[in-house]
Amino acid sequence: MTAPLRLGTRGSALAMAQSGQVAEAVTAATGRPVELVEVVTAGDRSSAPVHRLGVGVFVSALRDALTAGTIDFAVHSYKDLPTAAAGGLHIAAVPARQDPRDALVAREGRTLAELPPGATVGTGALRRIAQLHALGLQLEVTPIRGNVDTRLGRVLGPEADLDAVVLARAGLARLGRLDVITESLDPMLMLPAPAQGALAVECRVDDQDLVELLAVLDHAPSRAAVTAERAFLATLEAGCSAPVAAYAELAEGETGDEIYLRGAVISPDGTRDLRLSRTGTPADAAEIGKALAAELLDLGADSILGHEGHTGPGTQQFGSTE
1 MTAPLRLGTR
11 GSALAMAQSG
21 QVAEAVTAAT
31 GRPVELVEVV
41 TAGDRSSAPV
51 HRLGVGVFVS
61 ALRDALTAGT
71 IDFAVHSYKD
81 LPTAAAGGLH
91 IAAVPARQDP
101 RDALVAREGR
111 TLAELPPGAT
121 VGTGALRRIA
131 QLHALGLQLE
141 VTPIRGNVDT
151 RLGRVLGPEA
161 DLDAVVLARA
171 GLARLGRLDV
181 ITESLDPMLM
191 LPAPAQGALA
201 VECRVDDQDL
211 VELLAVLDHA
221 PSRAAVTAER
231 AFLATLEAGC
241 SAPVAAYAEL
251 AEGETGDEIY
261 LRGAVISPDG
271 TRDLRLSRTG
281 TPADAAEIGK
291 ALAAELLDLG
301 ADSILGHEGH
311 TGPGTQQFGS
321 TE
């Protein structure tokens, strides 16, 4: 019998769910059995705010296991990956992306506009905190950590202490919890993190057989969109203390498919909010992202990013999908 492929994953419910879905897809497409191997990361062992944990905190242990050969491939929430390439490793597939929007879960089924002034809203992402402030709704925004169930418990549980939480819709979808969402937030109000909702299936670059096998899961439109968003992020050279958002959509244009990329840099208090968009072809996805970032830098985005947030290319970390 063919030995099972070893898929490394974090042990959270969400990580196990999305890795299990990829494992099933690999087996269905190739006939190869897959077993999940839990890998504990530094981010899983810490209760500190995500933006203070450092770069690659949710992925470095998985990549170490890949390099050491104790697992054959790994599944990451793509937005957790630093933008710099990892030596000896290859993103073999970007499966079809889940809906990348943020989701509101609020008491009494309320939407964002229905929350009263002073309502307490919890989220773990500086990007979301900044955009909530920028809306001018006079909300009390509180940084929170924890897995999906922990965050939902802050609103829906018997000891709920918040009026609402904002988290990635994709994570709720993968856990079968879409029923708790009271509003999927329009990207015009809450632009997602670069690569939110996308997965990265990574293996060793010298394992050519596995590179080819995993390629059957690749979804070209999702890869193009993520490529544009991450090129935008990399060009800004933004550290995790600077809220950066981006969302690329593919649509049919007059001469074929086009990418429409929106990007933003927002000050943490929401008082400065720079947003621009750019279009181009999927083949030019990376160049679209770079050009949009350059435009925002020309408008003064670097002054929002600030010296302390400027940590150099490839060092971004925006926290887990959870």
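Numbering-wise (full-length UniProt numbering), the sequence shown opens with residue 1 and increments by one. Where a beta carbon is used, it is the ideal one built from N, C-alpha and C, also for glycine.
Per DSSP, what kind of secondary structure is Ala198 in: helix, strand or coil? coil
Taking 6 angstroms as the limit between beta carbons, can you name the residues of its chain near Asp257, skipping five residues before and five after? Leu250 and Pro282
By the 10 Å Cβ neighbour count, where 16 or more other Cβ atoms means buried, how is Glu24 classified, buried or exposed? exposed
Give the secondary structure of Val40 by DSSP, where H, G and I count as helix, E and B as strand, and everything else as coil. coil
Helix or strand or just coil, what does DSSP make of residue 327? Absent from the model: residue 327. The displayed extent of the chain is 1 to 322, so no value can be given.
Whole beta strand (DSSP E) elements within the UniProt domain "Porphobilinogen deaminase C-terminal" (225-297), 3-residue minimum: 244-253, 256-266 and 273-280
Tell me where the alpha helix (DSSP H) around Gly122 begins and ends. Counting along the chain, Gly122 falls outside any alpha helix (DSSP H), though it belongs to the beta strand (DSSP E) covering Thr120 to Thr123.
Are Gln18 and Val75 closer than 8 angstroms when you measure CB to CB? yes
Simplified DSSP state of Ser19, which is helix, strand or coil: helix
Give me, in chain order, the residues of the same chain whose beta-carbon lies closer than 6 angstroms to that of Met190; leave out the 5 immediate sequence neighbours on both sides. Asp102 and Gln131
For Asp269, which option in Ala28, Glu140, Asp72 and Phe73 has the closest C-alpha, if you only look at C-alpha atoms? Glu140
Local Cβ density within 10 Å of Ala28, reported as buried at 16 or more and exposed below that: exposed
Are there three or more Cβ pairs, one per stretch, closer than 8 angstroms when the segment 178-195 is compared with the segment 209-220? no
With the cut-off set at 8 angstroms, would you say Gly263 and Leu299 are in Cβ contact? no
Is it right to say Gly197 is buried, meaning 16 or more other beta carbons lie within 10 angstroms of its own, or is it exposed? buried
Starting from Arg6, trace the beta strand (DSSP E) both ways and give me its first and last residue. Leu5 to Thr9
Coarse secondary structure for Pro187, derived from DSSP in three states: coil
Span of the beta strand (DSSP E), counted from its first residue to its last, around Asp102: Asp102 to Ala106
Evaluate the contact criterion for the segment 271-291 versus the segment 223-230: three or more CB pairs, one atom per stretch, below 8 angstroms. yes
What's the C-alpha gap between Ala160 and Val166? 15 angstroms
Can you tell me whether Asp186 is buried or exposed, with buried defined as 16 or more other CB within 10 angstroms of its CB? exposed
Output the boundary residues of the beta strand (DSSP E) element that contains Ile91. Leu89 to Ala93
Tell me which same chain residues have a C-beta within less than 6 angstroms of the C-beta of Tyr247, skipping the five on either side of it? Pro187, Leu191, Pro192 and Arg262
Going by DSSP in three states, residue 324 sits in which element: helix, strand or coil? With the chain running from 1 to 322 in the structure shown, residue 324 is simply not present.
Since Glu140 sits in a beta bridge, which residues does DSSP pair it with? Thr120
Between the CA atoms of Thr142 and Thr123 - distance to the nearest angstrom: 6 angstroms
Under the rule that 16 or more other beta-carbon atoms within 10 Å means buried, what is Ala285, buried or exposed? buried
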